[in-house]
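Chemist: Protein sequences, first through last, are from chains S and R. Just so we're aligned, residue 1 is where the first sequence starts under our numbering, counting upward by one. Just so we're aligned, residue 1001 is where the second sequence starts under our numbering, counting upward by one.
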Amino acid sequence: GAGVSQTPSNKVTEKGKYVELRCDPISGHTALYWYRQSLGQGPEFLIYFQGTGAADDSGLPNDRFFAVRPEGSVSTLKIQRTERGDSAVYLCASSLGRRDTQYFGPGTRLTVL
Amino acid sequence: AQSVTQLGSHVSVSEGALVLLRCNYSSSVPPYLFWYVQYPNQGLQLLLKYTSAATLVKGINGFEAEFKKSETSFHLTKPSAHMSDAAEYFCAVSGGTNAGKSTFGDGTTLTVKP
Chain S
1 GAGVSQTPSN
11 KVTEKGKYVE
21 LRCDPISGHT
31 ALYWYRQSLG
41 QGPEFLIYFQ
51 GTGAADDSGL
61 PNDRFFAVRP
71 EGSVSTLKIQ
81 RTERGDSAVY
91 LCASSLGRRD
101 TQYFGPGTRL
111 TVL
Chain R
1001 AQSVTQLGSH
1011 VSVSEGALVL
1021 LRCNYSSSVP
1031 PYLFWYVQYP
1041 NQGLQLLLKY
1051 TSAATLVKGI
1061 NGFEAEFKKS
1071 ETSFHLTKPS
1081 AHMSDAAEYF
1091 CAVSGGTNAG
1101 KSTFGDGTTL
1111 TVKP
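Structural data, given as structure tokens:
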């Protein structure tokens, strides 16, 4: 079956702009996660959804970052007033439940000029 | 709280040689431990995971890892390296109330020399 998909694969924006990154999880997976991977580092947890609700958003760096999952499937990560330091690969993963294996998408590479 | 330390950001082995990638973890609750592989411009792929069953865990592509609680380690090994094993490898930990949220190490880049 289809894996986790993320769109766009690449996004270039200017400092101060607003961006949205989309994640389509594996069908039937109730848990969805967002991570951020900066160059030379491992993925860093941002937020985790169980169904429609954010079960843990402790990794969001500040209030410019926000994520939604209104119908318990697709999720959108929203970044306001982007800064150059936001440049990274944003990874999405999904799992059947919170203790199950996480399957990762290919990521969205965000570049803020 | 949980954390992961991967010793050695770069490891180089000859084709056919033993692969050993080191991972030490810290967790205040019984951990789940994972190894992922990432090829260039691709997503993370799970190699294997430990979830409190057998301490020696076998994964895909001939890799295995052993959970050693006394050493807080979860090192990844493969008896004989193949050129296709060249990639970046990440160790991760989750568990307890943090189940779901994974904390990753900074990765080890494996180079395989012919």
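Glycine residues also receive a C-beta, built at the ideal position from the N, C-alpha and C atoms.
1. S/ARG98: buried (16+ other C-beta within 10 angstroms of its C-beta) or exposed?
2. Does any CB atom of chain R fall closer than 7 Å to the CB of S/THR101?
3. Look at R/GLY1105 and R/GLN1002 and say whether their C-beta atoms are less than 7 Å apart.
4. So R/LYS1069 is in the beta strand (DSSP E); what residue range does that whole segment cover?
5. What residues match up with R/HIS1082 in a beta bridge as DSSP calls it?
6. When you check each C-beta in the region 54-81 of chain S against every C-beta of chain R, which residues fall closer than 9 Å?
7. In the region 20-85 of chain S, which residue ranges form an unbroken beta strand (DSSP E) of at least 3 residues, counting only runs that do not cross its ends?
8. Give the interface partners of R/LEU1046 over in chain S, defined as CB-CB distance under 7 Å, in chain order.
9. Kindly indicate which three-state DSSP category R/ASN1061 falls into: helix, strand or coil?
10. Spatial neighbours of S/LEU21 within its chain, please: CB distance less than 6 Å, with the 5 preceding and 5 following residues excluded, ordered by chain position.
11. Looking only at its own chain, which residues have a Cβ that is under 8 Å from the Cβ of R/THR1103, when we skip the five neighbours before and after it?
12. If we count the other Cβ atoms within 10 Å of its Cβ and call it buried at 16 or more, is R/ALA1053 buried or exposed?
13. Over what stretch of residues does the beta strand (DSSP E) that includes R/SER1012 continue unbroken?
14. Under 9 Å Cβ-Cβ, which residues of chain S neighbour R/SER1003?
15. Among S/ILE79, S/LYS11 and S/THR52, which has the Cα closest to the Cα of S/PRO70?
16. When DSSP builds the beta bridges, which residues end up paired with R/THR1005?
17. Roughly how many whole angstroms lie between the Cα atoms of R/SER1026 and R/TYR1050?
18. Drop a sphere of 10 angstroms on the beta-carbon of R/SER1080, count the other beta-carbons inside from all chains shown, and report buried for 16 or more, exposed for fewer.
19. Determine the direct distance from the alpha carbon of S/ARG84 to that of R/VAL1019, and round the result to whole angstroms.
20. If the cut is a Cβ gap below 8 Å, which residues of chain R does S/TYR48 touch?
Modeler: In short, the structure shows the following:
1. Residue mapping note: residue 98 of chain S aligns to position 98 of the first sequence, counting from 1. With 16 or more other Cβ atoms within 10 Å, it is buried.
2. By 1-based counting over the first sequence, the position of residue 101 of chain S is 101. For S/THR101, the closest Cβ of chain R is nearer than 7 Å.
3. Position 105 of the second sequence holds residue 1105 of chain R. Position 2 of the second sequence holds residue 1002 of chain R. R/GLY1105 places its beta carbon 7 Å or farther from that of R/GLN1002.
4. By 1-based counting over the second sequence, the position of residue 1069 of chain R is 69. Element bounds for R/LYS1069: n/a, residue is neither H nor E.
5. One-based indexing of the second sequence puts residue 1082 of chain R at position 82. Bridge partners of R/HIS1082: none, in fact.
6. The residues in question are ALA55, ASP56, SER58 and GLY59.
7. The region 20-85 of chain S contains these whole beta strand (DSSP E) runs: 31-37, 44-50, 53-56, 65-68 and 75-79.
8. Along the second sequence, one-based indexing puts residue 1046 of chain R at 46. Among the residues of chain S, those whose CB is under 7 Å from the CB of R/LEU1046 are THR101, following chain order.
9. Reading the second sequence from its first residue, position 61 is the one you call residue 1061 of chain R. Reduced to three states, the DSSP call for R/ASN1061 is helix.
10. Counted from its first residue, the first sequence places residue 21 of chain S at position 21. The residues are LEU77, TYR90 and THR108.
11. As a first step, residue 1103 of chain R must be located in the second sequence, where it is residue number 103. Contacts found: GLN1002, SER1003, VAL1004, ALA1092, VAL1093 and SER1094.
12. Within the second sequence, the letter at position 53 stands for residue 1053 of chain R. Sixteen is the threshold: since fewer than 16 other Cβ atoms of the shown chains lie within 10 Å of the Cβ of R/ALA1053, the residue is exposed.
13. Your numbering for residue 1012 of chain R matches position 12 in the second sequence. Looking at the DSSP string, the run of the beta strand (DSSP E) that includes R/SER1012 is 1010-1014.
14. The residue labelled residue 1003 of chain R in the question sits at position 3 within the second sequence. Those within 9 Å of R/SER1003 in chain S number zero; the least Cβ separation is about 11 Å.
15. What you label residue 70 of chain S is simply residue 70 of the first sequence in a count that begins at 1. Here the closest residue by C-alpha is S/THR52.
16. For the purposes of this step, residue 1005 of chain R is taken as residue 5 along the second sequence, with counting starting at 1. Note: R/THR1005 sits in a beta bridge opposite R/ASN1024.
17. Within the second sequence, numbered from 1, the residue matching residue 1026 of chain R stands at position 26. Within the second sequence, numbered from 1, the residue matching residue 1050 of chain R stands at position 50. If I take the Cα positions, the gap works out to 15 Å.
18. Residue 1080 of chain R sits at position 80 when you count from the first residue of the second sequence. Exposed, since its Cβ has fewer than 16 Cβ neighbours within 10 Å.
19. The count along the second sequence starts at 1 and reaches residue 1019 of chain R at position 19. The count along the first sequence starts at 1 and reaches residue 84 of chain S at position 84. Rounded to the nearest angstrom, the gap between the Cα atoms of R/VAL1019 and S/ARG84 is 37 Å.
20. Locating residue 48 of chain S in the first sequence gives position 48, counting from the first residue. The answer, in chain order, is GLY1100 and LYS1101.
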